[in-house]
Amino acid sequence: MEWLTTLQAALTDHTVLSADNLARYGEGLVTTVQLVFASLVIGLFLAVPLAIGRSSKRRWISLPIYAYTYVFRGTPLLVQLYLIYYGLPSIDALRDWQYWEYIDRAHVWALVAFTLNTAAYTTEIFRGAIKNTPRGEIEAAKAYGMGYWLRMRRIVLPSAFRRALPAYGNEVIFMLHASAVASIVTIMDLTGAARFIVARTYSAFEPYLWVACIYLCLTFAILYLFRYLEKRLLAHLRPAGE
Amino acid sequence: MTDLMQYGPRLFEGAMLTIAVALLSLLLSLLLGLLTASAKMSRNRLIHGIATLYTTIIRGVPDLVMMFLLFFGAQIGLNMITDLLYELYGWDLYIEINSFVAGVVTIGLIFGAYMGETFRGAFLAVDRGQIEAGRAYGMNHGQVFRRIRFPQMMRHALPGLSNNWMVLLKTTALVSVIGLTDMVRVAEEASKQTDQPFLFLGIVALVYLAIASVSEWGFSRLQERYDTGFVGGED
Amino acid sequence: MTLRKVFTAGLLGTALLASTAQAEVRDIRIGVDVPYEPMEYRTAEGELTGFDIDLGNAMCAEIGIQCEWVVQAWDGIIPGLAARKYDAIMSSMTINDERREHVLFSEPYFTPPSAWFAPTDLDMETPDTASLEGLTIGVQRGTLQDNYVTDLYGDVADVKRYGTADDLVLDMDADRVDIGFLDYPVGKSTLLDSDSGEYKVVGEQITEPKEYFGDGFGIAFRQRDQDLADAFNQALAALKENGTYDEIFNRYFGEE
Numbered sequence: 000m001e002w003l004t005t006l007q008a009a010l011t012d013h014t015v016l017s018a019d020n021l022a023r024y025g026e027g028l029v030t031t032v033q034l035v036f037a038s039l040v041i042g043l044f045l046a047v048p049l050a051i052g053r054s055s056k057r058r059w060i061s062l063p064i065y066a067y068t069y070v071f072r073g074t075p076l077l078v079q080l081y082l083i084y085y086g087l088p089s090i091d092a093l094r095d096w097q098y099w100e101y102i103d104r105a106h107v108w109a110l111v112a113f114t115l116n117t118a119a120y121t122t123e124i125f126r127g128a129i130k131n132t133p134r135g136e137i138e139a140a141k142a143y144g145m146g147y148w149l150r151m152r153r154i155v156l157p158s159a160f161r162r163a164l165p166a167y168g169n170e171v172i173f174m175l176h177a178s179a180v181a182s183i184v185t186i187m188d189l190t191g192a193a194r195f196i197v198a199r200t201y202s203a204f205e206p207y208l209w210v211a212c213i214y215l216c217l218t219f220a221i222l223y224l225f226r227y228l229e230k231r232l233l234a235h236l237r238p239a240g241e
Numbered sequence: 000m001t002d003l004m005q006y007g008p009r010l011f012e013g014a015m016l017t018i019a020v021a022l023l024s025l026l027l028s029l030l031l032g033l034l035t036a037s038a039k040m041s042r043n044r045l046i047h048g049i050a051t052l053y054t055t056i057i058r059g060v061p062d063l064v065m066m067f068l069l070f071f072g073a074q075i076g077l078n079m080i081t082d083l084l085y086e087l088y089g090w091d092l093y094i095e096i097n098s099f100v101a102g103v104v105t106i107g108l109i110f111g112a113y114m115g116e117t118f119r120g121a122f123l124a125v126d127r128g129q130i131e132a133g134r135a136y137g138m139n140h141g142q143v144f145r146r147i148r149f150p151q152m153m154r155h156a157l158p159g160l161s162n163n164w165m166v167l168l169k170t171t172a173l174v175s176v177i178g179l180t181d182m183v184r185v186a187e188e189a190s191k192q193t194d195q196p197f198l199f200l201g202i203v204a205l206v207y208l209a210i211a212s213v214s215e216w217g218f219s220r221l222q223e224r225y226d227t228g229f230v231g232g233e234d
Numbered sequence: 000m001t002l003r004k005v006f007t008a009g010l011l012g013t014a015l016l017a018s019t020a021q022a023e024v025r026d027i028r029i030g031v032d033v034p035y036e037p038m039e040y041r042t043a044e045g046e047l048t049g050f051d052i053d054l055g056n057a058m059c060a061e062i063g064i065q066c067e068w069v070v071q072a073w074d075g076i077i078p079g080l081a082a083r084k085y086d087a088i089m090s091s092m093t094i095n096d097e098r099r100e101h102v103l104f105s106e107p108y109f110t111p112p113s114a115w116f117a118p119t120d121l122d123m124e125t126p127d128t129a130s131l132e133g134l135t136i137g138v139q140r141g142t143l144q145d146n147y148v149t150d151l152y153g154d155v156a157d158v159k160r161y162g163t164a165d166d167l168v169l170d171m172d173a174d175r176v177d178i179g180f181l182d183y184p185v186g187k188s189t190l191l192d193s194d195s196g197e198y199k200v201v202g203e204q205i206t207e208p209k210e211y212f213g214d215g216f217g218i219a220f221r222q223r224d225q226d227l228a229d230a231f232n233q234a235l236a237a238l239k240e241n242g243t244y245d246e247i248f249n250r251y252f253g254e255e
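Structure follows, in structure tokens:
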């Protein structure tokens with residue numbers, strides 16, 4: 000039964016969960032949450048106009064947006080992050096720019112990559128929701144004499160947001176998980192903290208196990224938040240008597 | 000251009016490796032997905048519980064962390080088992096998980112959970128009446144599955160399958176961090192050594208886009224096939 | 000390589016190996032982290048090369064065994080040995096007490112110092128708590144340099160940790176790191192002798208305290224593989240005797 004004691008020792012190894020390392024997990028948690036939250040909020044603000052443009056019948060508006068979402072949804076976030084983080088400094092004009100040294104931070108580039116990525120996915124989610132607006136609602140709005148923008152603002156978008164809610168919840172979780180690649184460009188996010196602790200304590204398993212638990216808790220928190228929102232905002236769609 | 004010529008063959012090998020990892024893990028995830036879907040529809044609470052635990056954990060942990068966990072954890076676990084066998088029976092075994100296998104197994108495990116959800120939804124979408132009708136015609140279980148359930152299930156499953164495949168394809172980029180020389184890793188090394196990140200990483204991005212486009216076309220052809228005989232309702 | 004070859008190569012990797020319980024030294028796999036020029040790196044064609052690789056191959060030939068190199072990122076290299084992904088590590092690993100608790104080391108085969116490297120325009124005489132305050136220090140994650148910098152300057156400076164030495168060099172070229180702390184031969188090869196930028200060594204080369212900087216580079220084995228360590232120690236002595244060691248040394252550090 001030697002292996003059992005090995006397992007037990009491995010799981011309660013005090014060097015992995017020392018006060019220092021707990022503090023690192025804590026800082027990592029803050030960094031991850033900040034990065035993900037900021038990129039989601041900015042991405043959301045970008046996605047709304049982009050989704051409207053993407054639904055437009057004018058091809059010179061919708062096509063470039065489609066190209067953008069196609070490229071960012073069709074390539075790995077890791078490659079996008081590499082391109083931005085290692086690619087941009089190879090452009091001399093950018094490096095000569097007077098503000099370059101203020102914005103040239105790993106956190107900034109991770110934020111840019113994450114934002115562009117999530118905005119692309121969110122745009123397509125909203126476009127789907129806009130496209131699925133019941134025809135009757137639009138016809139009714141037209142009959143009331145509403146123009147394109149008024150219709151968009153009062154009828155199409157509010158109901159599209161609600162319909163997009165479940166899919167957007169998945170995107171939020173997806174983004175949380177995708178953010179783990181930030182550790183590759185020196186950022187001490189949750190995964191970065193785990194990798195640091197692995198390197199410091201030489202235990203390959205436990206630091207990742209603990210960090211996996213933290214991610215699991217975050218995922219559940221997001222899941223419940225969206226379930227609550229769906230209950231509140233989609234109440235009118237539930238069958239009567241439920 | 001000389002840089003490109005120099006790294007061309009390695010990039011090609013890397014692309015082949017990416018495709019190999021993607022296809023093998025797709026295969027594994029389809030198998031696991033079918034298993035999970037059946038387990039989740041099982042009346043046995045234990046089997047149901049295990050399947051639920053599996054999908055919950057997989058969908059709650061980032062793929063990168065999952066990859067690190069399995070790369071070392073699975074090996075340590077296997078070593079414990081082989082040590083135990085040695086202790087008990089004197090069998091001296093060693094099973095190695097190299098980074099290729101670790102990559103395929105991890106991605107297969109992750110997407111097995113997603114495939115499971117897709118298959119379950121698709122199975123449930125097939126009208127029970129049709130299955131009963133098939134039974135009434137005297138078809139046995141196999142025939143009902145082959146002639147009625149499977150073709151209709153595929154119609155419902157295809158959009159989900161296609162979506163999972165696209166995400167899986169992009170996830171293969173992460174195997175570069177556990178030491179596999181896939182095309183991302185080659186491009187990364189090449190761009191550092193030649194100082195041309197846009198060239199090499201750009202090519203990799205294009206290859207991903209090309210594979211995605213070809214698969215999209217393939218899936219839409221399949222969808223046409225399985226949509227045969229289906230008359231769309233008003234929606 | 001064709002697709003089929005990739006498939007078979009991968010599947011063979013899961014081969015069930017049944018080892019015989021003989022005392023003789025068998026063929027082994029050696030873990031290595033690349034790129035770490037000039038110690039271990041890949042040529043443009045993808046071939047592994049460098050001082051460690053050439054010396055390791057010569058030692059294996061001397062012992063009369065086949066050695067296979069397995070590439071593994073540095074931050075997981077000791078865990079990989081414990082998990083038996085390979086049987087030895089020969090990857091510029093400095094022998095120190097902390098690591099001795101986890102692995103068994105061979106005799107040192109090379110003893111280089113560490114050094115601070117910075118762009119020539121950095122105005123600094125000796126790196127210490129006062130002069131490093133507020134600067135960004137770059138190190139490779141999990142190296143003794145990382146431990147040293149984190150413990151001594153982690154509170155006053157911003158320590159950036161990289162997966163490979165190459166990533167660090169790239170960010171030094173992009174002015175994202177003020178000063179880097181590296182094994183001297185690696186910094187010399189990748190910064191001083193490269194044509195990407197103007198770099199200098201800041202302060203003295205560092206070999207103390209031993210707690211961090213240990214006793215030179217050694218090959219690491221699992222604690223119980225004393226036979227293997229003995230075989231490599233004998234091979235090292237033989238190569239030093241017959242001049243092979245010097246020949247390999249001059250190949251990479253010729254002018255020193």
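Chains as they are written, first to last, in numbering that gives the first Met the number 0: chain E, 0 to 241; chain X, 0 to 234; chain D, 0 to 255. For every residue, glycine included, the Cβ atom is placed at its ideal position computed from N, Cα and C. None of the values given here were measured: they were computed from a predicted structure.
What does residue i reach in chain E if we use C-beta pairs closer than 7 Å?
i: D74/D; result: R194, V197, A198
i: L63/X; result: A179, V180, T190
Strictly below 9 Å CB to CB, what residues from chain X border residue i?
i: K84/D; result: F70, F71, Q74, E95, I96, N97, S98
i: V274/E; result: Given a span of 0 to 241 for chain E in the structure shown, any question on residue 274/E remains unanswerable.
i: P75/E; result: L168, K169, T170, T171, A172, L173, V183, V203, A204, Y207
Starting from the Cα of residue i, find the closest Cα among the options and give me that residue.
i: I52/D; options: D245/D, S91/D, T163/D, V148/D; result: S91/D
i: E188/X; options: V168/D, Q65/D, L181/D, V176/D; result: V168/D
i: G186/D; options: T149/D, V70/D, A114/D, Q65/D; result: A114/D
i: P110/X; options: R119/X, A211/X, E131/X, I57/X; result: What sits at residue 110/X in the sequence shown is Phe, not Pro. The option with the nearest alpha carbon to F110/X is I57/X.
i: V103/X; options: A21/X, V183/X, Y6/X; result: A21/X
i: Q144/D; options: R99/D, D224/D, V158/D, L103/D; result: V158/D
i: D182/D; options: I29/D, Q204/D, F252/D; result: Q204/D
i: T227/X; options: Q151/X, A156/X, W164/X; result: Q151/X
i: W90/X; options: V100/X, N78/X, A101/X; result: N78/X
i: T14/E; options: Y101/E, I41/E, T74/E, A198/E; result: A198/E
i: V183/X; options: N162/X, V206/X, W164/X; result: V206/X
i: R53/E; options: V107/E, E123/E, Y84/E, G27/E; result: E123/E
i: E223/X; options: Q192/X, L167/X, M153/X, A209/X; result: M153/X
When burial is assigned at 16 or more other CB atoms within 10 Å of the CB, is residue i buried or exposed?
i: Y227/E; result: exposed
i: P133/E; result: exposed
i: E36/D; result: buried
i: Y143/E; result: exposed
i: K107/X; result: First, the amino acid is wrong: residue 107/X is Gly here, not Lys. G107/X should be labelled buried.
i: L224/E; result: exposed
i: A22/D; result: In this prediction, A22/D scores a pLDDT of 45, lower than 50, which makes its location untrustworthy; the coordinate-derived value is nonetheless stated afterwards. Answer is exposed; the Cβ neighbour count stays below 16.
i: Y6/X; result: buried
CA-CA distance, residue i and residue j?
i: A179/E; j: L34/E; result: 11 Å
i: M187/E; j: A164/D; result: 18 Å
i: A20/D; j: P206/E; result: Its pLDDT being 37, under 50, A20/D is placed unreliably in this model, and the coordinates cannot settle the point.
i: Q195/X; j: I46/X; result: 52 Å
i: L76/E; j: T114/E; result: 11 Å
i: L208/E; j: G191/E; result: 14 Å
i: V155/E; j: A46/E; result: 15 Å
i: A129/D; j: G168/E; result: 48 Å
i: F204/E; j: L43/E; result: 36 Å
i: A181/E; j: K230/E; result: 33 Å
i: T117/E; j: V40/E; result: 10 Å
i: G133/D; j: T189/D; result: 25 Å
For a contact defined as C-beta to C-beta under 7 Å, what are the partners of residue i on chain X?
i: G45/D; result: R9
i: D165/D; result: K191
Output, in chain order, the set of chain D residues within a Cβ distance shorter than 7 Å of residue i.
i: Y6/X; result: A43
i: G178/X; result: V70, Q71, A72
Mind listing the chain D neighbours of residue i? Cutoff is C-beta to C-beta under 8 Å, in chain order.
i: N43/X; result: What N43/X touches in chain D: nothing, since even the nearest Cβ is about 31 Å away.
Since residue i meets chain X, which of its residues come closer than 8 Å, beta carbon to beta carbon?
i: R78/D; result: According to the sequence as given, residue 78/D is Pro; it is not Arg. Ordered by position in chain X, the residues that pass the 8 Å Cβ test against P78/D are F71.
Given that residue i touches chain E, what residues does it touch there, using C-beta distances under 9 Å?
i: L169/D; result: Y85, P88
Worksheet item: At a cut of 8 Å, does the stretch 49-64 of chain X reach the stretch 164-179 of chain X through at least three beta carbon pairs?
Response: yes
Worksheet item: With a cut-off of 8 Å, do at least 3 Cβ pairs link the stretch 73-82 of chain D to the stretch 38-45 of chain D?
Response: no
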